[in-house]
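Asks: Residue numbers (the working numbering), protein chains in the order written: chain A, 49 to 452; chain B, 90 to 320.
The beta-carbon is built from N, C-alpha and C at its ideal position, and this holds for glycine as well.
One structure coming up, written as structure tokens, with questions to follow.
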Amino acid sequence: MLLKIAWRNIWRNRLRSGVVITSIILGIWSGLFVIALSAGLNEQRKVSVIENSISHLQYHHPQFLDDRNSKYVVAEVDEIVRQLESDTAVKSFTLRSLVNGMASSARGGNGVVINGVDAEKERQVTTIADHVLDGSFLPDEGRFPVVIGEALAKKMNVRIRSKVVLTFQDANSEIVAGAFRVAGIYKTVSSKYDEMNIFVRRSDMQDLLQTDNAVNEIAVLMNDFEAIPPFVEKERNTYPELSIQPWNEIAPELGYADEMMEIFLYLFLGILLAALAFGVVNTMLMAVLERKRELGMLMSVGMNKWRIFSMITFETISIALAGGPIGILLAYATIHYFQSVGLDLSMWAEGLQNFGIDTMVYPHLETKYYWSLAIMVVVMAILASIYPARKALSMNPAEAVRAI
Amino acid sequence: MMKPVIETQDVVKIYHDGSIDVHAVNGVDLTIAPGEFTALVGPSGSGKTTLLNMIGGLDKPTSGRVIVDGTQLETLRDNELIDFRLRKIGFVFQAYNLIPVLTATENTEFIMLLQKRPKEEREARAKALLKEVGLEDKLNKRPLELSGGQQQRVAVARALAPKPAVILADEPTANLDSHSTANLLDIMARLNKEEQTTFLFSTHDQRVIDRARRVVTLEDGKIISDESFDR
């Protein structure tokens, strides 16, 4: 009967309850969608950085990370290659020769990271070749081809077949320069990355550096994301003299973003529910004060305090539960829809690309957040009922029953 | 002599209004036997409602003793008082005070529900009482669909349903027209005889006074007359 009374009481003032329930629906729906969008943006940024450049893990000479000098090469490359080729957990890997240098055209110059790669191997590890808009990704034929980002091409005013001179230091700190022809222009979701990274054939780079099989970086893609930590651990034990880092150590901001996202999600949900709780408290307080006589009667006829408290709590929970599941279902449907078709944010393309985020965003939210929110809604309702219920219990039944 | 169902012994109730002490009830000795149909009358501020509240366990006397159906109320703790009201007292209020979201049957069942009586018993008793008060065709109506007189009849049925020792009615006819008042008094008088339930009213209403078999008059918190009538 108490549940029946609580449920029917909600609909005594349909407009007021309707406004609160609608605010709960809209609050939860929009809150969850914003969270899913943030999670989608974060995930997309992470995936794009992993897929475009860093892959799942990398091997370096420990000093290379500090100095980025091409003389710091990975030792025992042949052995590592043999092992990577035989390990079933490894999907693919690529060897890179890296050097910082200057790219110059008739128009001007720009500091760049020159990535010397094997085109076919690189294709198997990163998606950089798929982002080539014009030309091709390091063809086998032709002399000294270079692939540059669109942002850099614009800055340097170069096109396909334009000449670009790359200048850098070799292992002996001698300045080396080479004239390259633009073979391809790529564009990733990050304009900053595009401006900073150019790709040449590893063999061409080694010719200029006058080194043989000098590898500064081995980037590895695993079959399974979960397999990364144990594999890194194993390799660190096998090659203690090398620096072997998983993606979240190579780009710690991505790992932090993942951790921060979880904290942020709960914080955001908490703030959202706290705001909604004030609306619920206000409504329930009005309902209690309007029903002084009725509550006075209930206390007079012998309804104990626990039952009165329960009735107010049931009522508050009923309001929250009338709106909560609808908001959650609505959010689930919306997120699910945009997760499959994507949300086009191309009108903010320039700003998003500065952060390395694609304009097509796929919001997503793990199931645990829906359950967490459902539990949080019930907890919010119970907390929101405490003050109105205490207010009801503080009434003197003899006075309340005569209240006007 | 039959053991009284209500007994007050030198009951005093003093309210503190700032620095002034207001003696709302001032040494009242009253004894009411089971089955009586008594009106507590007097001008506003004479202490009727205060006395009724103390008998009903809604208020505690400053001094003196209130004994209802053998229970000495001032010795009870708050929780025990709540349970006492639930088991022993039926209340009828001036403003009916039905639960708006429940039907006439559900309202009548409500106190029995709090007493955890079985569903079948509750339903049968509620229907029988609503028939007694002439509302057998309004069983599923909610209070807002009933007239004032009909609502007060539901309130009487609700108060009677758990078979309390005493029904306390605070100005039960104050909001009713003549016809509804006469009708309600007929019903209460009949149920008083049929159910042998003790009725104690506080009232100004001459129509109620004319039907009471005992009239106790209060003035300034004291009983100034106590008359019985053979009606």
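#1: Under the rule that 16 or more other beta-carbon atoms within 10 Å means buried, what is B/H105, buried or exposed?
#2: Which ranges does the alpha helix (DSSP H) cover as unbroken runs of at least 4 residues, wholly within the region 257–282 of chain B, from first to last along the chain?
#3: Give the interface partners of A/T428 over in chain B, defined as CB-CB distance under 9 Å, in chain order.
#4: From the DSSP output, which residues share a beta bridge with A/L105?
#5: Taking the Cβ atom as the reference point for each residue, do A/F185 and A/A201 lie within a distance shorter than 7 Å?
#6: Sorted by chain position, which residues of the same chain lie with C-beta nearer than 8 Å to A/M334's C-beta, five sequence neighbours on each side aside?
#7: Return helix, strand or coil for A/G157, following the three-state DSSP convention.
#8: If you measure beta-carbon to beta-carbon, which residues of the region 329–342 of chain A are closer than 7 Å to chain B?
#9: Going by beta carbon distance, what residues of the same chain come within less than 6 Å of B/G146, once the five residues before and after it are set aside?
#10: Would you call the region 234–243 of chain B in contact with the region 215–224 of chain B, where contact means no fewer than 3 C-beta pairs closer than 8 Å?
#11: Please state if the CB of A/F357 and the CB of A/A437 are separated by a distance shorter than 7 Å.
#12: Look up A/S152 in the DSSP assignment and say whether it is helix, strand or coil.
#13: For a quick check, are the C-beta atoms of A/V125 and A/N264 less than 7 Å apart?
#14: Using DSSP with H/G/I as helix, E/B as strand and the rest coil, what is B/Q240?
#15: Hey, is A/S78's beta-carbon within less than 7 Å of any beta-carbon in chain B?
#16: Which chain A residues are close to B/L147, counting only those with a beta carbon under 7 Å from its beta carbon?
#17: On the premise that B/P150 lies in contact with B/I121, defined as a C-beta separation below 8 Å, what is that separation, rounded to the nearest angstrom?
#18: Considering only the alpha carbon of each residue, which of A/Y385, A/I276, A/E310 lies closest to A/L105?
#19: Name the two residues that bound the continuous beta strand (DSSP E) containing B/A217.
#20: For B/D172, go through chain A and note every residue whose CB falls closer than 8 Å to its CB, in chain order.
#21: Pull up the distance between the alpha-carbon of A/P187 and that of A/V194, whole angstroms please.
#22: Quick test of your reading: A/I434 and A/L413, contact by CB under 8 Å. State the CB separation rounded to the nearest angstrom.
#23: Can you have a look at A/H453 and say buried or exposed, based on whether 16 or more other CB atoms are within 10 angstroms of its CB?
#24: For a test of the three-state rule: what should DSSP assign to A/K416, helix, strand or coil?
#25: Does any residue of chain A have a CB that is nearer than 7 Å to the CB of B/L307?
#26: What are the boundary residues of the alpha helix (DSSP H) that A/A323 is part of?
#27: What in chain B is Cβ-close to A/N57, meaning under 7 Å?
#28: Among the candidates A/N61, A/F273, A/F216, A/G159, whose CA atom is the shortest distance from the CA of A/D242?
#29: With distances taken Cα to Cα, identify the nearest neighbour of B/F35 among A/W396, A/V349, A/V248.
#30: Is the distance from the Cβ of A/Y410 to the Cβ of A/G88 below 7 Å?
#31: Checking the sheet assignment: what are the DSSP bridge partners for A/M408?
#32: With distances taken Cα to Cα, identify the nearest neighbour of B/S317 among B/T197, B/V304, B/G310.
#33: Does any residue of chain A bring its CB to less than 7 Å from the CB of B/L175?
#34: Could you spell out the range, first to last residue, of the beta strand (DSSP E) harbouring A/P277?
#35: Quick check on the DSSP output: the beta strand (DSSP E) that includes B/Q285 runs from which residue to which?
#36: On the premise that B/A193 lies in contact with B/K230, defined as a C-beta separation below 8 Å, what is that separation, rounded to the nearest angstrom?
Replies: A quick look at the data gives this:
#1: exposed
#2: none
#3: For the record, residue 428 of chain A in the displayed sequence is Met; it is not Thr. Ordered by position in chain B, no residue passes the 9 Å Cβ test against A/M428, which lies about 24 Å from the chain.
#4: A/V268, A/P294
#5: no
#6: R64
#7: strand
#8: R341, E342
#9: L162, L170, F173, R174
#10: yes
#11: yes
#12: strand
#13: no
#14: helix
#15: no
#16: S348, P445, A446
#17: At roughly 16 Å, the Cβ-Cβ gap does not stay under 8 Å, so B/I121 and B/P150 are not in contact.
#18: A/I276
#19: Looking at the DSSP string, B/A217 is not in any beta strand (DSSP E); the run it does join, the alpha helix (DSSP H), is 208–221.
#20: G350, N352
#21: 9 Å
#22: With a Cβ gap of about 30 Å, A/I434 and A/L413 do not count as contacting.
#23: Because chain A is modelled from 49 through 452, residue 453 of chain A falls outside the range shown and cannot be assessed.
#24: helix
#25: no
#26: 300–338
#27: V190
#28: A/G159
#29: Past the boundaries of the shown model lies residue 35 of chain B; chain B is included only from 90 to 320, so the question cannot be answered.
#30: yes
#31: A/D392
#32: B/V304
#33: yes
#34: First-last for A/P277: 276–286, but that is the alpha helix (DSSP H), not the beta strand (DSSP E).
#35: Where B/Q285 is concerned, there is no enclosing beta strand (DSSP E), given that its DSSP letter is neither H nor E.
#36: 5 Å
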